[in-house]
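Below is one structure, written out as structure tokens; comments come after it.
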Amino acid sequence: MSPEFSDKVKKQVQDILAHYPEKKAALLPVLHVAQQEFGFIGEDTERMVAALLDIKPVQVREVVTFYTMYNRKPVGKYHIQVCSNLSCSLLGGAGLLDFLLKKLNIGLGETTKDKKFTISTVECLGACEQAPCMMVNFDYYGDLDEEKIDKILDNLK
Amino acid sequence: MEEKLLTKLFEIKDSFTIDVYLKHDGYKAVEKAFQEMNPESILAEVKNANLRGRGGAGFPAGVKWGFVPKGVDKPKYLCVNADEGEPGTIKDRYIMTHNPHLLLEGILIASYCVGINTAYIYIRGEYENVALGLEKAIAEANAKGYLGKNILNSGFDCQIYVHRGAGAYICGEETALLESLEGKRGNPRLKPPFPALVGLFQSPTVINNIETLSNVPKIILNGAETFVQTGLPKDGGTRIFGVSGMVKKPGIYEMPVGTNLKEIIFELAGGMKDGKTLKAVIPGGMSAPILTADEIDINMDFDSLAEAKSMLGSAAIIVIDEDTSILDVLKIVTKFYSHESCGQCTPCRIGTKWINKTVQRIADGQGKIEDIDNIKRLAKNILGKTLCPLGDAAALPILSIVNKFRQEIESYIGN
Amino acid sequence: MVKIFIDEKPFEVEEGITVFTAAEQAGIEIPHLCYHPAFAPEGTCRMCLVEIEGVPKLELSCATVVRDGMKVSTNNERVVEARKGVLEFLLADHPMDCPICDQAGDCKLQDYYEKYGMFESRYSENKEKREKKRKIGQTLIHDQERCVLCRRCVRFTREITKTHELGVFERGVHAEISILEDGPVNNKYSGNLAEICPVGAITDLDFRFQTRSWFLKSGDSICPLCSRGCSITIDSHKGFSHFKVPKRVYRIQSRRNENINGFWICDIGRYGYGYINENRLEQILLKNEQNEAMDWEKALKILSEKMKKVHPMDRSSGAVLILNPWLTNEELFLIKKFLIENQEFENVYLIDIPDGEGDDFLITTERSPNKRGLQELGLKAKSLSSDKLPEKIKLVLAFTPPNIDSAGSASVKAVFDKAETKILFASNKNDLSDVSDMVFPTAVIAEKSGSLINIDGVLQNFSPALEALGDSRPEWQILVEMAKEIDINHKYYDQFSSPETILQEIRKEISDFGKKSD
Ligand SMILES: Cc1cc2nc3c(=O)[nH]c(=O)nc-3n(C[C@H](O)[C@H](O)[C@H](O)COP(=O)(O)O)c2cc1C
Ligand code: SF4
Ligand code: SF4
Ligand code: SF4
Ligand code: FES
Ligand code: FES
């Protein structure tokens, strides 16, 4: 079944479209909305978005695969992205990544069996003063250590 | 001494609201600009202030605005660069979260000066929560009549939209940003034509960094003369230095342009963390060539750092300690650029990955002594030969690391 | 005009052109991969860097516009070093197996490597593994490992066909040219992709591994398959002395012509060359005299006897002439002068070639090359399929096109069935060749010279891209010989030693012939 936006989301998309003189310019924001809705951008979603913006599906694919934030496959309820850039690494980011992977018993880029967590690395999040840091969905967590990570995960239901 | 031009309100509770902002001279500069000045005199003021771009390249903002042609019948656009992807850089986020109205006011004055009615804030996708805050601030400004139609009865209309990126460092490069805003891959454009003539939607476009524009209200309110009293005559005002890495007090420090790097690290940021020894400093975001511990007695301005063959860039200071292997630094630097290369031009696409693989191989204990010269040769084959500055941004730090830490790298290579 | 110096030599060049174009006009080739004159420069391959005096960085020749007094070095040490550097990058992940690559001999990367490189690769990392053999269209194979990401192919589907099948997916070193799972390249111009790919990344199944490009001889011609008349080159194999090769023509490619087809041809024209190779008539055939070897002289004598037998008074009702829109202007003119005016054939018919689907780019609905020529010569012909035939037919001379379909040959057959003497002029065997009294083998457009007028009224001259096959001859030559044999005014035909001489004669009579292009 091909995905469809709910009426509320359709309204949201209309608002976005009004920001630009060209429909196509709304592609990135509309993909964000789609990902919010469906959790990932599958082929069907690509086609739907292409139709919505009067562009070709291939143009959507070009964009979806260029930007790291669009997931082409479903991810866990909580997508944990651990910063692997310099400031975070200087302060032990790599060790914390290992800690997380062990704790959740998955490999990098994988999702836990209960579909709750996916872990990946990410380049500098722009929060280097809180290094080491990570992002869970859109929330930032900084000044991490193992204890703090334990607490954060405990709070993610 | 910290000099708080932009960060003054940050400590105040609810500094992000329009009410607090208005209580502290908020939107006074717009009023002055609309009522007492005209586009020409605003431009003159910004030019006289020698406000240099805070995004990285340091191009004078007034000169940039002046490039936009007058009397074209196309709409013109302002793109506000909030991509903040340069590793180490954190300053724009602080402005947007703590004092978004300062930014909006700057955008408004710049737009009025150049004759722009639509501005887009291109914000990196990860800053979703920051973007929501900005949208709230925009709504507040709209409600109070500082945005929208016929602002303050001036007859001038202006609207600001927040546009989210989606995870691509290259979209901080101004022409990649334009492509991305148009709904495409973030492939930098060939120049000329320059964005001032052919930019967003084929129209004349100004691209400025968040911090650059946030300086504008102060320049208008207090005058260029006051502005240049802080900082240097040819490089006026303050910089918000972001300090991270192995220091006691990482964070942002707003200081006059030209403040000494050593002072920033050892006085403001509290010096080395956990009693570690300083090894090296990246002074202007990852693209800036590295400085060794004995090179840090240097003033943080464009010219001084250029003289030291590094750069001020986004004024993001990353402090590296002796216990960190330089190979790890090189690995992270090369991984970053090969990951972020848009891939359209040959030397950057292939060269960054090649170097990264070699560094990884050395780190895996498979290095050969000739690898070091080969890395240098490859970096030089990237340098100056790519379509956009990312190639140089990758090659220069790599070269600086290999040149300055050659011995250490050799020590990781067995015979 | 501006004056520039390229490699220290002065040149006067047009304002506004790029350094690359200026050099090209001066006969200096600058290595390039992404630049293609059909598209705006994208400046991505970085092969075309040159040094410009006073500019610190090397500049892109493909995107830099000439300035008066500019001094360009295209080949000094610094430029060559940079070029080698870029080449080394391009070859890092590229398979080094030209001998087994289909593009070998036709590949820019191989050319440049041989010219600037032949260096040992200092690449000691693991090569990136990529998909080697993906079918991306009916006739197209894509090899990701050989792709240099010049994006010519993507731009083609984006800007020329506007069909958007191809895109660049992923980024950085993982960037690749691809199609969607359910969206193969499917347009009427797809074959151009193999042609514009500068390396062996997109190859054409029709050509792939059939032969080696260095065995082929290229000749220029015009595509006769619709009335656009695209400029083409025909690559053919002469065969080896010891064994036969399976084909004569191996491929057709487009030839740049700004007035007609730009850089492109359609797939109909590209792949529709079977008629040049297959079912060709190579000998003169004379019914009932199978074993007699026929040479042209003898055959034409027999023909003239047969024609003379038909009394001139009979010719208006008893003789039929069947023409087709593949005949060149020169041939049609000779037919008009000799057969219609002198020999008084009054029953002139034209074989109807059915229309096909046209588009708003190159392909025309009219699927024959010279309807305009017929019109401009004022040749009036009835439709063979819809107009009435004479009651009695003594003699029919039929010129059939190579691609005559069953309806077309049936309409000619209807005439033949009524006629006493049936003479066929044809390049390919068809339903009529077995029932004719005489068959004269003719050359196809690819094998002859002459001119055609296309749909827009543009007259185009062409020369043979191939030699005529066996005993076949171009119709104009046959007609001149026939006229010399039969026409009382035979001296008139002595002047026609070539199609050019015939065209001159046409222009004496119709001064603006072929000049009415709109
Ligand atoms: C690879 C690359 C990344 C960049 N990233 C940013 C960025 O994140 N933010 C920014 O303001 N400028 C960035 N820039 C600089 C912009 O291209 C541009 O110069 C700047 O936004 C202009 O604004 P300014 O003159 O106010 O500094 C980047 C440049 C390059 C080459
Ligand atoms: S230098 Fe790198 S990022 Fe810039 S255009 Fe070339 S490949 Fe893209
Ligand atoms: S397939 Fe050929 S034309 Fe297309 S990008 Fe690759 S090398 Fe260029
Ligand atoms: S458009 Fe017509 S003339 Fe051109 S290649 Fe196709 S069939 Fe031949
Ligand atoms: S390095 Fe981790 S947030 Fe910047
Ligand atoms: S030909 Fe000029 S960059 Fe490719």
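Residue numbers (this note's numbering), protein chains in the order written: chain A, 8 to 164; chain B, 205 to 619; chain C, 354 to 871.
By construction, the Cβ of each residue, glycine as well, lies at the ideal position given by its N, Cα and C atoms.
All of these numbers come straight from a predicted model, not from anything done at the bench.
Check the Cβ of residue i against every Cβ in chain B and list those closer than 9 Å, keeping chain order.
i              : result
residue 582(C) : What residue 582(C) touches in chain B: nothing, since even the nearest Cβ is about 36 Å away.
residue 78(A)  : Neighbours of residue 78(A) on chain B: none; closest Cβ ~11 Å, over 9 Å.
Is any beta-carbon of chain C found at less than 7 Å from that of residue i?
i              : result
residue 379(B) : no
residue 52(A)  : no
residue 406(B) : no
residue 561(B) : yes
residue 554(B) : yes
residue 394(B) : yes
Hey, is residue i close to ligand 7, as in C-beta under 6 Å from one of its heavy atoms?
i              : result
residue 548(B) : In the structure on display, ligand 7 does not appear, and the ligands it does have are ligand 1, ligand 2, ligand 3, ligand 4, ligand 5 and ligand 6.
Closer than 7 Å by beta-carbon distance: list the chain A residues that pair up with residue i, in chain order.
i              : result
residue 385(B) : 32
residue 533(C) : 64, 65, 68
residue 258(B) : Correct list: empty, because the minimum Cβ distance to chain A is about 15 Å.
In chain A, which residues lie with their C-beta within 8 Å of the C-beta of residue i?
i              : result
residue 590(C) : Correct list: empty, because the minimum Cβ distance to chain A is about 38 Å.
Is the Cβ of residue i closer than 7 Å to any Cβ of chain B?
i              : result
residue 634(C) : no
residue 321(C) : Within the shown structure, residues of chain C are numbered from 354 to 871, placing residue 321(C) beyond reach of any answer.
residue 415(C) : no
residue 136(A) : yes
residue 100(A) : no
residue 410(C) : yes
residue 133(A) : yes
Which residues in chain C sit within 8 Å of residue i, going by Cβ to Cβ distance?
i              : result
residue 128(A) : Simply none; closest approach about 15 Å.
residue 72(A)  : 522, 523, 524
residue 382(B) : The contacting residues do not exist; residue 382(B) stays about 15 Å from chain C at best.
residue 551(B) : 399, 438, 439, 442
residue 547(B) : 502, 521, 523, 524, 525, 526, 527, 528
Indicate whether at least one CB of chain A lies closer than 7 Å to the CB of residue i.
i              : result
residue 517(C) : yes
residue 376(B) : no
residue 370(B) : yes
residue 506(B) : no
Residue i and residue j look like a contact to me (Cβ under 8 Å); what is the Cβ gap, rounded to whole Å?
i              : j              : result
residue 823(C) : residue 794(C) : 7 Å
residue 505(C) : residue 415(C) : About 12 Å separates the two Cβ atoms, so there is no contact after all.
residue 86(A)  : residue 125(A) : 5 Å
residue 522(B) : residue 538(B) : At roughly 16 Å, the Cβ-Cβ gap does not stay under 8 Å, so residue 522(B) and residue 538(B) are not in contact.
residue 590(C) : residue 608(C) : About 19 Å separates the two Cβ atoms, so there is no contact after all.
At a CB-CB cut-off below 9 Å, which residues of chain A make contact with residue i?
i              : result
residue 544(B) : 130
For residue i, which residues in chain B fall below 7 Å Cβ to Cβ?
i             : result
residue 28(A) : 405
What residues of chain B sit near residue i, judged by a beta carbon separation below 8 Å?
i             : result
residue 55(A) : Going along chain B, no residue has its Cβ under 8 Å from residue 55(A), so there is no contact; the nearest lies around 15 Å.
Chain B contacts from the region 31-48 of chain A (Cβ-Cβ distance under 8 Å):
31, 32, 33, 34, 35, 36, 38, 39
Please specify which runs of the beta strand (DSSP E), each continuous and at least 3 residues long, are wholly inside the region 804-852 of chain C, giving them in chain order.
812-815
Complete runs of the alpha helix (DSSP H) confined to the region 32-120 of chain A [at least 4 residues]
34-45, 50-59, 64-71, 93-97, 100-111
Output the residue ranges of the beta strand (DSSP E) runs that lie fully inside the region 460-511 of chain C and measure 3 residues or longer, sorted by chain position.
487-490, 493-495
If you scan the region 571-625 of chain C from start to end, which runs of the alpha helix (DSSP H) of 4 or more residues do you find wholly inside it?
620-624
Using a Cβ-Cβ cut-off of less than 8 Å, give me the residues of the region 433-461 of chain C that come near chain B, in sequence order.
435, 438, 439, 441, 442, 443, 445, 446
Could you tell me which uninterrupted alpha helix (DSSP H) segments, each at least 4 residues in length, are contained entirely in the region 353-433 of chain B, listed from first to last along the chain?
378-385, 414-418, 420-426, 428-433
Cβ-based contacts, 9 Å cut-off: residues of the region 467-501 of chain C near chain B
475, 476, 477, 478, 479, 481, 501
Entirely within the region 694-758 of chain C and at least 4 residues each: give me those alpha helix (DSSP H) ranges in chain order.
Within the region 694-758 of chain C, the complete alpha helix (DSSP H) runs of at least 4 residues are 724-729.
Taking a Cβ distance cut-off of 8 Å, strictly less, list which residues of the region 428-459 of chain B are near chain A, in chain order.
446, 447, 448, 449, 450, 454, 455, 456
Members of the region 385-407 of chain C that neighbour chain B once the beta carbon cut-off is set at 8 Å:
394, 395, 396, 397, 398, 399, 400, 402
Please go through the region 208-236 of chain B and give each complete alpha helix (DSSP H) segment of 4 or more residues, from N-terminal end onward.
222-227
Relative to chain C, which residues along the region 573-600 of chain B have a C-beta separation below 9 Å, given in chain order?
574, 575, 578, 581, 582, 584, 585, 586, 588, 589, 590, 591
Can you list, in chain order, the stretches of the beta strand (DSSP E) that have 3 or more residues and sit fully within the region 359-427 of chain C?
As far as the region 359-427 of chain C is concerned, its whole beta strand (DSSP E) runs of at least 3 residues are 362-366, 402-405, 424-426.
Whole beta strand (DSSP E) elements within the region 430-480 of chain B, 3-residue minimum:
If you keep only unbroken beta strand (DSSP E) runs of at least 3 residues inside the region 430-480 of chain B, you get 442-449, 455-460.
Taking only beta carbons into account, state which residues of the region 338-349 of chain B come closer than 9 Å to chain C, listed in chain order.
none
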